[in-house]
Amino acid sequence: MICISIPEKNVETCLSLISKADMAEIRIDLAELSAENVAYVFSKATKPLIATCRPEKVADSRRVELLKNAITHGAAYVDIEIEASAEIKKELITCAKAHDCKVIISYHNYENTPSVKELQAIIDSCFDEGADIAKIATTAQNSSDSARILGLYEQNSSLVALAMGEEGKITRVANVYLGAPFTFAAISEKQKTAPGQLTVEQIKQFLNL
628 MICISIPEKN VETCLSLISK ADMAEIRIDL AELSAENVAY VFSKATKPLI ATCRPEKVAD
688 SRRVELLKNA ITHGAAYVDI EIEASAEIKK ELITCAKAHD CKVIISYHNY ENTPSVKELQ
748 AIIDSCFDEG ADIAKIATTA QNSSDSARIL GLYEQNSSLV ALAMGEEGKI TRVANVYLGA
808 PFTFAAISEK QKTAPGQLTV EQIKQFLNL
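Okay, so the sequence shown: first residue is 628 according to this note's numbering, each after it adds one.
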């Protein structure tokens with residue numbers, strides 16, 4: 628399944644894009660959505676949505692408010708960074724469980740790809756802390772890094788693992804065949820939300836091959 632990452636600020640355009648997808652990740656932080664717009668998008672959407680609000684641009688208290696708003700208005704998944712405080716994790720996971728929303732705990736490394744031992748410890752920590760799905764996104768410097776990411780599927784399920792950057796593009800397609808419940812794609816070249824992210828059309832072309 629392909630999950631499109633949407634940073635769209637216009638809520639009607641956002642809903643139109645969602646309707647054409649299998650599922651979508653709403654980047655609340657990049658779209659700079661208000662609490663009212665979050666409620667509108669998540670309550671009106673006809674496809675499963677992931678609520679994501681990264682900490683770089685939004686204060687923690689505001690992020691929790693926006694994510695809880697998404698959860699209570701129908702989010703199928705909420706993404707919580709592994710670095711989030713125990714208090715934030717507890718509040719969001721409690722809210723998610725009360726509203727039949729699955730929890731993704733995510734790890735992002737924008738510099739490199741750690742060893743298999745380190746990555747496995749991170750995955751284990753995600754599940755120990757209450758994740759339904761663990762997400763691992765590292766940066767591939769070479770093909771060995773990508774192979775190491777794809778190798779994680781041998782020992783793990785309920786995992787979305789991929790490598791960012793040019794060297795990691797193969798992981799965004801191969802992971803679907805190895806057991807990932809979904810992979811992430813951009814709407815277009817101009818709306819990529821991560822380094823090396825492929826567009827929906829590019830992934831579809833690879834899958835058709």
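Backbone N, C-alpha and C fix where the C-beta goes; we use that ideal spot for every residue, glycine too.
{"Item": "C-alpha gap between Gly701 and Ile830, whole angstroms", "Value": "27 Å"}
{"Item": "Straight-line gap, Ile707 to Asn835 (C-alpha atoms, nearest Å)", "Value": "32 Å"}
{"Item": "Three-state class that DSSP yields for Asp727 in the structure shown", "Value": "coil"}
{"Item": "Beta-carbon proximity list for Gln768, same chain, < 8 Å, skipping 5 on both sides", "Value": "Asn739, Thr740, Gly792, Glu794"}
{"Item": "Range covered by the beta strand (DSSP E) that runs through Leu789", "Value": "786 to 791"}
{"Item": "Sheet register partners of Glu652 (DSSP bridge)", "Value": "Ser632, Ile677"}
{"Item": "Cut-off 8 Å between Cβ atoms - residues of its own chain near Ala662, not counting five sequence neighbours on either side", "Value": "Glu692, Leu693, Asn696"}
{"Item": "Cα-Cα separation, Thr798 to Lys717", "Value": "31 Å"}
{"Item": "Length of the line joining the Cα atoms of Glu639 and Ala648", "Value": "15 Å"}
{"Item": "Separation of Ser670 from Val787, as counted between CA atoms", "Value": "26 Å"}
{"Item": "Buried or exposed by the 16-neighbour rule on C-beta atoms within 10 Å, applied to Ser773", "Value": "buried"}
{"Item": "Cβ pair count under 8 Å reaching 3, the region 743 to 750 against the region 711 to 725", "Value": "no"}
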